[in-house]
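As structure tokens, the structure follows; a few thoughts come after it.
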Amino acid sequence: MLARWADATGVLITVTQGDRPEVLCSADSYSGEALDPILAPVAEQLHASLNYTSPKGGCDPRLHLTEVFWPNGVLFGLLCLHGPASLTDEVTLMRDNLVGRMENDLSRQLPLGPGDRAPDPGPEPPVSLNDFINSIEDHVWIKDTEGRYVAANRSVVRDWGCSPLGKSDSQLFGPERAALFEAADSKAIRQCRQMVVEECADPGDPEQKTWLETIKSPIISEQGTLLGVLGMTRNITQRKVFQEQLTLAATVFANSAEGVMITDHHGTIIEVNEAFCRITGYQREEALANNPRLLKSGRHDPEFYRTMWQQMLSQGHWHGEVWNRRKDGTLYPQMSTHSAVYDDEGGIRYFVGIFADISQQKQTEERLAHMAYHDPLTGLPNRIRVHSRLDSEIARASRTHNELAVVFIDVDHFKLINDSRGHLAGDEVLCEFAVRLRRQVRQSDTVARIGGDEFVVLLPEIDGTAAADIAHKLMALFQQPVTLSSGEHLKLTGSMGIALYPQDGDNRDTLLRNADTAMYRAKQQGRNSFAFYTHALTERSVQHLKMQSALHLALPKEEFSLVYQPQIDLHDGRMVGVEALLRWHSEDLGSVSPSDFIPAAERIGLIDEIGLWVLREACEQGARWLAQGLHFGRIAVNITGPQLLKENFVGEVGRILAQSGLPTSALELEVTENFMIQNPEESIQRLRQLRGMGVQIAIDDFGTGYSSLSYLKRLPLNTLKIDRSFVSGLPKDQDSRAIAEAIISMGHSLSLTVIAEGVEHRDQVGFLSDHGCRLAQGYLFGRPVSADKIAELLVTDARCHVTD
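Its first residue numbered 789, the sequence shown is counted upward by one per residue in the numbering used here.
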């Protein structure tokens, strides 16, 4: 069938060494002459292979030979196909299957036919059974069916101390052990297979450190007859040690409370334990084949991990604290030890990481630290903590050249509360004041209880005036009664002392001591007050408090008024505008300078209300002048930064203009340069809205900030005002000349009107006029005067005359 499929001549040839190949069978009855094209090349190839040469005529591409072997590897013959130059896949598969079946039949030793020859088994092997078993270091022995030893190797004779041949187990080991050995023999015979029948400590080893393994197998003849038992005993102590170590390691690995992660030398996770899964939230299957970076928290920079890996590669281990991320996204701290495992050649084979979740430890440390640095009653920082904070703030203030204040607070007559109502009531009072103090101060401030009824408030980046403002707010906390758990209301007072860095001390102890001294001065002055360590500051804070109180009453009492300073055209001396300036004459304090009360109004939150009053009064006055036929040009009103940034400010300006009847083009709003730099985007938005209404916009005190040309181009400006500090040095001061020239040139380049303020001398006018500054105001042209005086000037159309 194979020959027909291949369209070839098929022949099975037997081969005997040194003989010509003979045909065993063929697909069809071919004569010898017909098979010569097959037999001749086969003979030539066999001859060439035996002599390690190539066939003389080369290989016939139409001849396809496949070898067939006896089970012992001896060549049985060749399956030959002669015909096509190449075989199809189907033919090749059919041929290989046929060869397989032939070899299978040969392995079952099919009866040989008449005239057939079995392969030559070769000469008798030179190795005897004795030689074979003596070459084995383990104990090897054979027993006959009677249980007598009929063979044993040298290791048996050496270790047993005698030759066991012809003896039984009872003769060699006594009846007790002989019974065990005979039972083992019987078991192996019954199961009719090789088996391990005993694994025990060597009875000859008194310290029981040696472990032996006995393997027994029944010896069965070809006819199935039992001939005896073959046994081999080997020393497995080393293997036992390894097994115990592996079992111990596996037990520790599986039951360890610490997470264990093993990676290969590339950093790929190859094993984790149950604790790893419990701590990280990742299942074993999720972690395997991943990189440990799946636990990365993001709290460490790349340099941290580079240092870790460099130490592991160079030193073989790393130990430290790491923040990692669980599967659910939560962060946790762990204490980790990473070690490298080396192979026999010294190369790194594995990395083993052992880690413990120290979240509880961290929480305990934080609780202990809180207890060490905080007051257990109020939860405020204690004396140790405030000392540390004060040292840090002093160092920072020294670097940044800032001031800071230390406020020492004592509850007046606190001892009477403890004596009359008990210490529990006293504790309630202290806790209530602790809460009030924390709510009143800034986030950057520190409130501490340093003992008894004494508190310390640390105020960084603050001057004496601001410290006095905060002290007033803290004093107000005592005006509110304290309600005890019993329902009783207590009205208390407090005394405070303030020390400032650096003038009152440049170190922690000095500042605290001086604040304490100032506090006692406040008590000596009648309690329920505060005092600065420096007497002058105390007096100033008293005046400041009086001024704040008076400011709250200034508007209701109509104590504010406006004066107007003319703005002059330097070319012809005409009045082209006025600037409205606020004045305050207090019933209690007399005339107060704007440089004093305007900052105070900003601090206590009255500046918006006062600013709207100024704007409304100026617009109404301008409208009255226009109604009288007096054309004043424009009226300039100063506005503060907080006013400008109010969401409804633009709407308020529109309403005031509408109510007063003043044309929008007659109003000019002046904003300081520094404020617009601090809030550029919001300032630009508000100014554009005002400019869209027709209101004129000016930058006041220009040159004292840090405006750039590109920034000024974005502002919807009409006017630049040169600050009086630059005008005062003209024309002699070289720096003032350069700055004034630059501002005038910048204003012209942006098509802005430039006005100089604070002009007091003729030579200043000459310099400004020569360099293109058109407008000016100052005492040279007229001091700020009342609205009636401005009206007189406008009625007479008088020009501002320059007088000595």
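Ideal Cβ positions, reconstructed from N, Cα and C, are used throughout, including at glycine.
Here Phe-1143 is buried, its C-beta having at least 16 other C-beta atoms within 10 Å.
DSSP places Gly-1047 in the strand class (E or B) of the three-state scheme. Remark: C-beta atoms of Thr-1166 and Ala-1222 approach each other more closely than 7 Å. No Cβ-Cβ contact shorter than 7 Å links Gln-1336 with Ile-1398. In the pairwise beta carbon analysis, the segment 1412–1425 is classified as not touching the segment 1375–1382: fewer than three pairs are separated by under 8 Å.
Note that the C-beta distance between Lys-1084 and Pro-1121 is not below 7 Å.
A residue is called buried when at least 16 other Cβ atoms come within 10 angstroms of its Cβ; Glu-964 does not meet this threshold and is exposed. For Arg-1550, the number of other beta carbons within 10 angstroms of its own is below 16, and it is reported as exposed. Collapsing the DSSP output to three states places Gly-1019 in a strand.
Fewer than three Cβ pairs drawn from the segment 1041–1058 and the segment 1016–1025 lie within less than 8 Å of each other, which leaves the two stretches out of contact. For Glu-1458, same chain residues with a beta-carbon under 6 Å away, outside a window of 5 residues either side, are Ala-1424, Asn-1426, Ala-1486, Asp-1488 in chain order.
Under the Cβ criterion (8 Å, minimum of three pairs), the segment 1569–1581 does not count as touching the segment 1524–1536.
About 5 Å separates the CB atoms of Asp-1198 and Glu-1242; that is less than 8 Å, so the two are in contact.
Between Leu-1556 and Leu-1505, the CB-CB gap reaches or exceeds 7 Å. DSSP places Val-1547 in no alpha helix (DSSP H); its state is neither H nor E.
Short of 6 Å from the beta carbon of Pro-849, and not among the five residues preceding or following it, lie these beta carbons of its own chain, in chain order: Ala-873.
Close CB contacts of Thr-1281 within its chain, under the 7 Å cut and outside five residues either way in sequence, are with Asp-1200, Phe-1266, Arg-1315, Asn-1316 (chain order). A direct Cα-Cα distance of roughly 5 Å separates Ala-1411 from Leu-1450.
The segment 917–925 and the segment 938–956 touch, with no fewer than 3 CB-CB distances between them shorter than 8 Å.
Per the DSSP secondary-structure output, His-1162 pairs in a beta bridge with Pro-1169.
Taken in chain order, the whole beta strand (DSSP E) runs of length 3 or more contained in the segment 1173–1232 are 1192–1199.
The beta-bridge partner set that DSSP reports for Asp-957 is empty.
Counting only the Cα atoms, Val-1244 lies some 12 Å from Leu-1262.
In terms of CA proximity to Glu-1276, Glu-1216 leads the group Gln-1312, Val-1351, Glu-1216. In this structure, the straight-line span from the alpha carbon of Leu-866 to that of Thr-998 is close to 56 Å.
By the criterion of a C-beta distance shorter than 8 Å, Ile-930 is surrounded in its chain by Tyr-937, Val-938, Ala-939, Ala-940, Ile-1007, Gly-1016, Val-1017, Leu-1018, Gly-1019, once the five residues flanking it on both sides are discounted. Gln-1409 and Gly-1361 have their C-alpha atoms some 23 Å from each other.
Under the 10 Å beta carbon count, Gln-1033 is surrounded by fewer than 16 other beta carbons and is classified as exposed. For Leu-1082 and Thr-1095, the gap between their C-alpha atoms comes out near 19 Å.
Between the alpha carbons of Gly-1566 and Gly-1285 lies a gap of roughly 44 Å. Annotation for Glu-1367: no alpha helix (DSSP H) segment contains it, though the beta strand (DSSP E) segment containing it runs 1363–1374. Per DSSP, reduced to three states, the secondary structure at His-1536 is helical. Counting only residues of its own chain and dropping the five nearest sequence neighbours on each side, Thr-1452 has a CB closer than 8 Å to the CB of Leu-1445, Met-1481, Gly-1482, Val-1483. Assigned with DSSP and collapsed to three states, Ala-1255 falls in helix. Here Met-1123 has Glu-1109, Phe-1143, Ala-1144, Ile-1146 as same chain residues with Cβ atoms under 7 Å from its own Cβ, once five neighbours each way along the sequence are excluded.
In this structure, Leu-1538 keeps its C-beta atom at 7 Å or more from the C-beta atom of Arg-1474.
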